[in-house]
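Presented below is the structure to which this report refers.
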Amino acid sequence: MSYKERLTRLEKLLRVDNQSKRDNANVGGASASSVEKQDDAEETYDSIDLFELKNLVFHGLPGDSQYRALVWRLLLNYLPANSIKSWDEFLVKKRNNYKHFVNDLLVIREESGERNSDHPLNPEPDSKWQVFFKDNDVLLQIDKDVRRLCPEISFFQTETAYPNEQVVSGKMDRLHKRVQSVVLESSNVIRKGLGITKINPKGPMIQDGSETGEYHWEVVERILFIYAKLNPGQSYVQGMNEIIGPIYYTLANDPDVIWRENAEADTFYLFTNLMGEIRDFFIRSLDNSVSGIKRMMEMLMDSLKSRDQAVYAHIVKLEIHPQYFAFRWITLLMSQEFALPEVLRIWDSLLSDHKRFDFLIDLATAMIIHIRSELLSGDFPSNMKLLQNYPPLDVRDILTLANSFSTTSS
C-alpha cells in the first residue's frame, strides 16, 4: 500500500471527512436537509475500528504528526472509539474533572492559612504540615527531573500558550517555588536503578520558572505531582518523567487548537492509562511477576538466544547482564535511547501492538542484533558502553528487523 493510500485509509478510519462536515454544520454552514443527511451518516459511521487502526499505524503513522495526537488518544483508550458523537461531552467531563483535581490537591493561597493553624512538629500523620512535608519529598524529585526533560530540544524550556490561570494570577502556588529554598543533599536522592546519569543536585538549575506565564516543564511538573497525589501507593518514581514527555509533547502540538489548549488534562489521562499498563515495571515487589521488569528481561534474553545464538553466547560469556542496559530500555519504552522524533515513531508501533508491548521485546532484540558485528568484536568495557549509549542508527531499519521477528513469531 502506497503512502497516499495509507493516508487516505487512515483519514477514512478516523472519519476525518465526516468530522469536518459536522464542524461546518455546527457553524451554520449547511442547510437543514444536509445536516439531517449528515446525522444519518453519523449514525452509520459513529465508531472507529481500533483493530484496523492498529494494523495501519503499527507500520508507521501516515501523515507524520498530523493525526498522532488523535491516534494516541484512541490507542491509549482515552477517547471512546465506539461513539465519536459522544467525544465532545466526554472530553468536557474529563477536562473538568482534571481541573477539580488541580484545585483540590494544590495549595490555594487563600486556604494556606489553615495549615498555619497547625504546628510543623505535629507528629500526627494527618497533620497538614506532615502532608506538606511528604509532598515536598516527592516534589523535589519531580522538579529535578522535569527541568531536564528532553534536553536535545528547546520545547520544554519554552512558555506554553495555555498556562494555568490561577498560577499566573498568583492565586495558586507555583510548585517549583515550594522546593527552591530546600537544600537537597545527594544522599537523600534515591535513584530507582533506571541507569540514568545522576546529576549533582547542588549544581545550578537549568532554568527557573516563568514569572509571567508557565514553561512546558512546569505543566508536566503539575501533571506528575497530581498523579503522585492520586496514586499514593506508587507515587512518583524517577523515570516517569521520560514516559510522560513524549505524550505531552505530542498533545501540546495537536493541530486542533481546542485540543491543544487542553493538552495538560488529556496528557494526565493518557499518562495514567499508560502507567496502568506498565506500572509493574516501576514496582520492585513485582519484578518477578509475569509483567514485571525481571521477567521482561528474561524474555529479551530468550528472544536473543533464539534469533542470534552467537551474539547471545558472547554477551553471556562477557557476563553482560540485561539489567546493565535493558532495564532502562524496557522500563522507559526506549525514550532515552533515541531522539524524540524517533521515539514518537517507535511509540506509534508500541502503542499499536495488539499484544501490547510484546513488540518491545522484538525491538530490543533487533537493537542488539543490529550492532552484532561491533558486539562480537568487543570486550566487556566497549560492549557495555555501546549498549548503554546506543549509537545513532536509522530507526526504520531497526523497526523493520523487529517487525520481521514479530511476523515470524505470530
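Using full-length UniProt numbering, the first residue of the sequence shown is number 1, and each one after it goes up by one. Yeah, the Cβ is synthetic: ideal placement off N, Cα and C, and Gly gets one too.
Since residue i and residue j should fall inside the 8 Å C-beta cutoff, what is the C-beta to C-beta distance between them, to a whole number of angstroms?
i: Asp-146; j: Asn-241; result: It is worth fixing the name first, because residue 146 is Val in this sequence and not Asp. Indeed, because the Cβ distance is near 5 Å, the residues count as touching under 8 Å.
i: Arg-222; j: Leu-175; result: 6 Å
i: Asp-280; j: Gly-292; result: 5 Å
i: Leu-333; j: Ile-243; result: 7 Å
i: Ile-398; j: Met-296; result: Actually they do not touch by this definition, with Cβ atoms about 18 Å apart.
Hey, out of the options, whose CA is closest to residue i's CA?
i: Asn-273; options: Pro-62, Leu-75, Arg-307; result: Leu-75
i: Ile-368; options: Phe-156, Phe-58, Leu-393, Thr-212; result: Leu-393
i: His-314; options: Arg-95, Tyr-249, Met-384, Ile-283; result: Met-384
i: Gln-66; options: Lys-85, Leu-50, Glu-11; result: Glu-11
i: Thr-267; options: Leu-53, Lys-99, Glu-52, Gly-60; result: Lys-99
i: Thr-160; options: Leu-91, Ala-263, Asn-82; result: Ala-263
i: residue 412; options: Gln-336, Pro-391, Arg-345, Phe-380; result: Any property of residue 412 remains undetermined from this structure, which presents the chain solely from 1 to 410.
i: Cys-150; options: Gly-245, Tyr-78, Ile-142; result: Gly-245
i: Trp-72; options: Leu-401, Leu-399, Leu-351; result: Leu-351
i: His-216; options: Lys-177, Pro-163, Ala-228; result: Pro-163
Would you say residue i and residue j are within 7 Å of each other, going by their C-beta atoms?
i: Val-395; j: Glu-319; result: no
i: Phe-101; j: Ile-278; result: no
i: Val-167; j: Tyr-236; result: no
i: Ile-388; j: Phe-325; result: The residue you asked about is not Ile; residue 388 is Gln in the sequence shown. Yes, they are a contact pair.
i: Val-57; j: Asp-348; result: yes
i: Phe-359; j: Ser-306; result: no
i: Val-179; j: Asp-143; result: yes
i: Met-172; j: Leu-105; result: no
i: Ala-265; j: Arg-95; result: yes
i: Ala-69; j: Asp-254; result: yes
Between the alpha carbons of residue i and residue j, how many angstroms are there, rounded?
i: Leu-14; j: Ser-47; result: 9 Å
i: Ser-238; j: Phe-156; result: Checking the sequence shown, residue 238 turns out to be Gln, not Ser. Distance between the alpha carbons of Gln-238 and Phe-156 is about 18 Å.
i: Glu-218; j: Glu-165; result: 13 Å
i: Gly-276; j: Thr-158; result: 30 Å
i: Arg-6; j: Ile-247; result: 24 Å
i: Asn-403; j: Leu-363; result: 8 Å
i: Gly-233; j: Ile-283; result: 10 Å
i: Arg-328; j: Phe-90; result: 35 Å
i: Pro-322; j: Asp-353; result: 23 Å
i: Thr-212; j: Arg-260; result: 20 Å
i: Ser-2; j: Ala-366; result: 25 Å
i: Ile-371; j: Pro-391; result: 9 Å
i: Arg-345; j: Leu-140; result: 32 Å
i: Asn-26; j: Val-92; result: Only weak support exists for where Asn-26 lies, its pLDDT of 39 falling under 50; the value from the coordinates is given anyway. Spanning the two alpha carbons is a distance of roughly 17 Å.
i: Asn-97; j: Leu-375; result: 51 Å
i: Leu-79; j: Leu-300; result: 32 Å
i: Asp-256; j: Tyr-312; result: 47 Å
i: Lys-85; j: Leu-304; result: 46 Å
i: residue 466; j: Asn-77; result: There is simply no residue 466 to check, as the chain begins at 1 and stops at 410 in what is shown.
i: Asn-55; j: Leu-401; result: 17 Å
i: Thr-8; j: Leu-340; result: 26 Å
i: Phe-132; j: Val-220; result: 20 Å
i: Ile-51; j: Lys-294; result: Checking the sequence, you will find Phe at residue 51 rather than Ile. If I take the Cα positions, the gap works out to 30 Å.
i: Leu-53; j: His-59; result: 11 Å
i: Glu-298; j: Arg-356; result: 17 Å
i: Lys-4; j: Asp-49; result: 20 Å
i: Ala-228; j: Ser-83; result: 31 Å
i: Lys-177; j: Asn-103; result: 17 Å
Can you have a look at residue i and say buried or exposed, based on whether 16 or more other CB atoms are within 10 angstroms of its CB?
i: Pro-62; result: buried
i: Trp-87; result: exposed
i: Gln-309; result: exposed
i: Ser-169; result: exposed
i: Pro-214; result: First, the residue type needs correcting, since residue 214 is Glu and not Pro in the sequence shown. With 16 or more other Cβ atoms within 10 Å, it is buried.
i: Asn-200; result: Residue placement at Asn-200 is flagged as unreliable, the pLDDT there being 44, under the threshold of 50; the coordinate-derived value follows with that caveat. The residue is exposed, with fewer than 16 neighbouring Cβ atoms inside 10 Å.
i: Val-316; result: exposed
i: Thr-250; result: buried
i: Thr-331; result: buried
i: Pro-381; result: exposed
i: Ile-258; result: exposed
i: Arg-191; result: Any reading at Arg-191 is ruled out, since the residue's pLDDT is 44, under 50, leaving its predicted position unreliable.
Say yes only if the C-beta of residue i is nearer than 6 Å to one or more non-hydrogen atoms of the ligand ATP, and no if none qualify.
i: Pro-341; result: By its list of ligands, the structure shown contains no ligand whatsoever, and the ligand ATP lies outside what it can speak to.
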